[in-house]
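The next block holds one structure in the form of structure tokens; read it before the comments.
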Amino acid sequence: MNGENLAKARELLRHFPHESSALIPILHLVEQEFEYIPDAEVHVIADLMGITAAYVESVLTFYSLFHRQPTGKYLIQVCRGLSCQLMGADELSSFLYEGLGVQRNGTTPDGMFTVEAVECVALCKNAPAVQINLEFYPNMTREKLEAFLDKAREEVPTDA
Amino acid sequence: MPETRLLFKDIDVPGIDRIDVYGQHGGYQSLRKAVLDMTPEAVLAEVMASNLRGRGGAGFPTGRKWSFLPKDGRTRYLVCNADESEPGTCKDQEIIYRHPHLLIEGVAASAYAIGAEHAFIYLRGEFKVGYQILERAIAEARGKGYLGDDVLGSGRRIDITLYLGAGAYICGEETALLNSLEGKRGHPRLKPPFPAMVGLYGMPTVVNNVETLSAVVPILAMGGAAYARLGTEKSTGTKLFSVSGPVRNPGNFEVELGKVTLRELVFDLAGGPLEGREIKGIIPGGSSVPILPPEKLDVALDYEALAAAGTMLGSGGVIVLDDRSCVVKSTLRLMEFYRHESCGFCTPCREGTVWLGQVLERIEAGLGQANDLDLLRSLSRNIEGRTFCPLGEAAIAVLQSGLETYRDEYQAHIDQGRCPLGEAAR
Ligand SMILES: Cc1cc2nc3c(=O)[nH]c(=O)nc-3n(C[C@H](O)[C@H](O)[C@H](O)COP(=O)(O)O)c2cc1C
Ligand code: SF4
Ligand code: FES
Numbered sequence: 068m069n070g071e072n073l074a075k076a077r078e079l080l081r082h083f084p085h086e087s088s089a090l091i092p093i094l095h096l097v098e099q100e101f102e103y104i105p106d107a108e109v110h111v112i113a114d115l116m117g118i119t120a121a122y123v124e125s126v127l128t129f130y131s132l133f134h135r136q137p138t139g140k141y142l143i144q145v146c147r148g149l150s151c152q153l154m155g156a157d158e159l160s161s162f163l164y165e166g167l168g169v170q171r172n173g174t175t176p177d178g179m180f181t182v183e184a185v186e187c188v189a190l191c192k193n194a195p196a197v198q199i200n201l202e203f204y205p206n207m208t209r210e211k212l213e214a215f216l217d218k219a220r221e222e223v224p225t226d227a
Numbered sequence: 015m016p017e018t019r020l021l022f023k024d025i026d027v028p029g030i031d032r033i034d035v036y037g038q039h040g041g042y043q044s045l046r047k048a049v050l051d052m053t054p055e056a057v058l059a060e061v062m063a064s065n066l067r068g069r070g071g072a073g074f075p076t077g078r079k080w081s082f083l084p085k086d087g088r089t090r091y092l093v094c095n096a097d098e099s100e101p102g103t104c105k106d107q108e109i110i111y112r113h114p115h116l117l118i119e120g121v122a123a124s125a126y127a128i129g130a131e132h133a134f135i136y137l138r139g140e141f142k143v144g145y146q147i148l149e150r151a152i153a154e155a156r157g158k159g160y161l162g163d164d165v166l167g168s169g170r171r172i173d174i175t176l177y178l179g180a181g182a183y184i185c186g187e188e189t190a191l192l193n194s195l196e197g198k199r200g201h202p203r204l205k206p207p208f209p210a211m212v213g214l215y216g217m218p219t220v221v222n223n224v225e226t227l228s229a230v231v232p233i234l235a236m237g238g239a240a241y242a243r244l245g246t247e248k249s250t251g252t253k254l255f256s257v258s259g260p261v262r263n264p265g266n267f268e269v270e271l272g273k274v275t276l277r278e279l280v281f282d283l284a285g286g287p288l289e290g291r292e293i294k295g296i297i298p299g300g301s302s303v304p305i306l307p308p309e310k311l312d313v314a315l316d317y318e319a320l321a322a323a324g325t326m327l328g329s330g331g332v333i334v335l336d337d338r339s340c341v342v343k344s345t346l347r348l349m350e351f352y353r354h355e356s357c358g359f360c361t362p363c364r365e366g367t368v369w370l371g372q373v374l375e376r377i378e379a380g381l382g383q384a385n386d387l388d389l390l391r392s393l394s395r396n397i398e399g400r401t402f403c404p405l406g407e408a409a410i411a412v413l414q415s416g417l418e419t420y421r422d423e424y425q426a427h428i429d430q431g432r433c434p435l436g437e438a439a440r
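If you read the sequences in order, they're chains S and F.
The numbering used here runs 67 ahead of the 1-based position in the first sequence.
The numbering used here runs 14 ahead of the 1-based position in the second sequence.
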């Protein structure tokens, strides 16, 4: 963790009535900084909290928002919940898989995009729903996704 | 058929997520009344009188749940369940994202009633933006003295801590939620002891849903007895229903319980099926309840009537299937969900959802075998009543009911070796 996050992590240890509650918030800090949870950080957290790395690992692997492999700059999560499936979610995910040349949960070689098919994200009335870096994109269409991808690519110079 | 808006009365007011606007529309009057003019027991009495039932799925009477807390002087906690992960349900999300002060006021007033100084809101990890919205709203409320060490000069301390989960449906189950809040894997706990006795950090704890705690605000404003006059005798007040799937006007609708039928909700409020389509079936209470065929849509929306119709009100997530929706494919999709979300603690659920998924996969792929429907039935029976928590039972609700109602559609997949709806099926 960088210095700022380490300081935040130390604060989190005192934020809850019991220190144990800080584990998941600290994992969120790490996931945010690295876009996944690197092995080395599992040990940093274990030392910080005085617990074993195996325990940290057992907790983090229970939760699907923590990644053990690097993810892209943009984490695109297509909801495949039933309401979204009924409204054409499959077409959205195939479009992304084909257009970006990735498989489910895959990341593009340039590290820009990760595409996941996730369970209901509680935006069923705006199906099909997508989350990008955990922001809601309601009533998604192929066109809107295309526009998003174009814009994201423009913002980052290709040699980056 | 109009809505009856108590929770959503001001939801369309621009800026209602800011404390000033919320205040101009009567916001925090219920908390003020509770903390300054009423004893905690009097607040509990109003909630008892309202007959409010938990809106998280099980429908347990809220006042009764609060009254189970032991009077032994131990620290008590209130935990708001904002995990909302039941497929088809997106009502709590709308409260959190658009009407955060309603929830904060409800949590604070409820914490006062049960004698908790410290309340938690456990949000599903995907509600990261909702977390930020609530964070800002809580800071505003502290600034106005509605939260903090001395709420409105009453000498009472009430504060709210936010907690962001990390993606696990099972953490909506209250004891799994408590484990997760303690920094553990989200496995459910054995009950009893119930959270009222041994909850968060081993202390007496009340867990309530977002909508339940929000409803405490109008209950205190209008009085429990007036709230109880809405709805039916056993299903009082209003309830939010999320209507999703192929309808013209999907959305969240607040209606008086028992006064509106499922047909009225779906046709009048949600606009009915898409152009040229017909409704094939409706799952009325989130994905964990039995599916209803079109013949049963005149059922009233209340706990008792839906139970009598063979299903449940559940979370109020109404998922509509039309004639282009394949029942097998939809059921498979749900089974994949439960298979993925099974916490793995007990065998019938962990293994059963895998086996059921495999059989459904082959039927959907046109490779179903002659005895597969019987196999589905017997696998389901081996889950029914044999799991540690209700997730196992939830996983087979649509399957078991659908095998009866849509038997021909299942059989056609096996006989024809493909989906009878063809390529366009969803
Ligand atoms: C698998 C499972 C998932 C659940 N998910 C939720 C949920 O997301 N939100 C919720 O409020 N209750 C959920 N519940 C119900 C809770 O266990 C609990 O009954 C509820 O939070 C109590 O609040 P209430 O009395 O206000 O409804 C779930 C239950 C089970 C078994
Ligand atoms: S029924 Fe499923 S989710 Fe519940 S405890 Fe057993 S394995 Fe876990
Ligand atoms: S099913 Fe996609 S948001 Fe609920």
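Even glycine gets a Cβ: it sits at the ideal position worked out from N, Cα and C.
The structure displayed is predicted, hence computed values, not measured ones.
What does residue i reach in chain S if we use C-beta pairs closer than 8 Å?
i        : result
F/Leu20  : Those do not exist, as F/Leu20 stays about 20 Å from chain S at its closest Cβ, beyond 8 Å.
F/Val257 : Lys192
Using a Cβ-based criterion (distance less than 7 Å to any ligand heavy atom), does residue i qualify as near ligand 1?
i        : result
S/Phe129 : no
F/Gly389 : Inspection of the sequence shows that residue 389 of chain F is occupied by Leu rather than by Gly. Answer for F/Leu389: no, Cβ out of range of ligand 1.
F/Asn223 : yes
F/Phe74  : yes
F/Glu108 : no
Given 7 Å as the limit, tell me if residue i has its C-beta closer than that to any heavy atom belonging to ligand 3.
i        : result
S/Ala74  : no
S/Ser150 : yes
S/Leu190 : yes
S/Ala184 : no
F/Pro101 : yes
S/Cys187 : yes
F/Cys340 : no
Shorter than 7 Å, the distance from the beta carbon of residue i to the closest heavy atom of ligand 2, or not?
i        : result
F/Pro202 : yes
F/Ser356 : yes
F/Arg364 : yes
F/Ile451 : Examination of residue 451 of chain F is not possible in this model, given that chain F is present from 15 through 440 alone.
F/Gly406 : yes
F/Ile184 : yes
F/Thr189 : no
F/Phe351 : no
Using a threshold of 8 Å, state whether the C-beta atoms of residue i and residue j are closer than that.
i        : j        : result
F/Gly324 : S/Leu149 : no
F/Pro54  : F/Tyr160 : no
S/Arg209 : S/Leu127 : no
F/Ile174 : F/Ile152 : yes
F/Lys248 : F/Glu318 : yes
F/Glu423 : F/Val342 : yes
F/Arg112 : F/Gly179 : no
F/Asn65  : F/Ala242 : yes
S/Lys218 : S/Met179 : no
Assign residue i to buried or exposed, taking buried as 16 or more other Cβ atoms, counted over all protein chains shown, within 10 Å of its Cβ.
i        : result
F/Val368 : exposed
S/Ala227 : With a pLDDT of only 44 at S/Ala227, under 50, the local geometry of the prediction cannot be trusted, and the value read off the model is given with reservation. Result: exposed.
S/His85  : exposed
S/Ser125 : exposed
F/Pro287 : buried
F/Leu204 : exposed
F/Glu225 : buried
F/Arg67  : buried
F/Ser256 : buried
S/Gln264 : Nothing about residue 264 of chain S can be read from this structure; chain S reaches only from 68 to 227.
F/Thr250 : buried
F/Arg421 : exposed
S/Val110 : A small correction: the amino acid at residue 110 of chain S is His; Val does not occupy that position in the sequence shown. Classification of S/His110: exposed, given that the 10 Å Cβ count is below 16.
F/Leu50  : exposed
So residue i and residue j are supposed to be a Cβ contact under 8 Å. How far apart are they, rounded?
i        : j        : result
F/Leu335 : F/Met326 : Not a contact, Cβ separation roughly 17 Å.
F/Thr345 : F/Leu413 : 5 Å
F/Val313 : F/Val280 : The Cβ separation is near 11 Å, so there is no contact.
F/Glu17  : F/Glu268 : 5 Å
Counting only Cβ pairs nearer than 7 Å, list the residues of chain F close to residue i.
i        : result
S/His85  : Glu196 and Tyr215
S/Glu202 : Val143
Along chain F, which residues have their Cβ under 9 Å away from the Cβ of residue i?
i        : result
S/Ala89  : Gly197
S/Gln136 : Those do not exist, as S/Gln136 stays about 15 Å from chain F at its closest Cβ, beyond 9 Å.
Check the Cβ of residue i against every Cβ in chain S and list those closer than 7 Å, keeping chain order.
i        : result
F/Ser339 : Leu153
F/Ser329 : Within chain S, no residue comes near F/Ser329; the closest Cβ sits about 10 Å away, beyond 7 Å.
F/Ala190 : Going along chain S, no residue has its Cβ under 7 Å from F/Ala190, so there is no contact; the nearest lies around 10 Å.
Which chain F residues are close to residue i, counting only those with a beta carbon under 8 Å from its beta carbon?
i       : result
S/Pro92 : Tyr177 and Leu178
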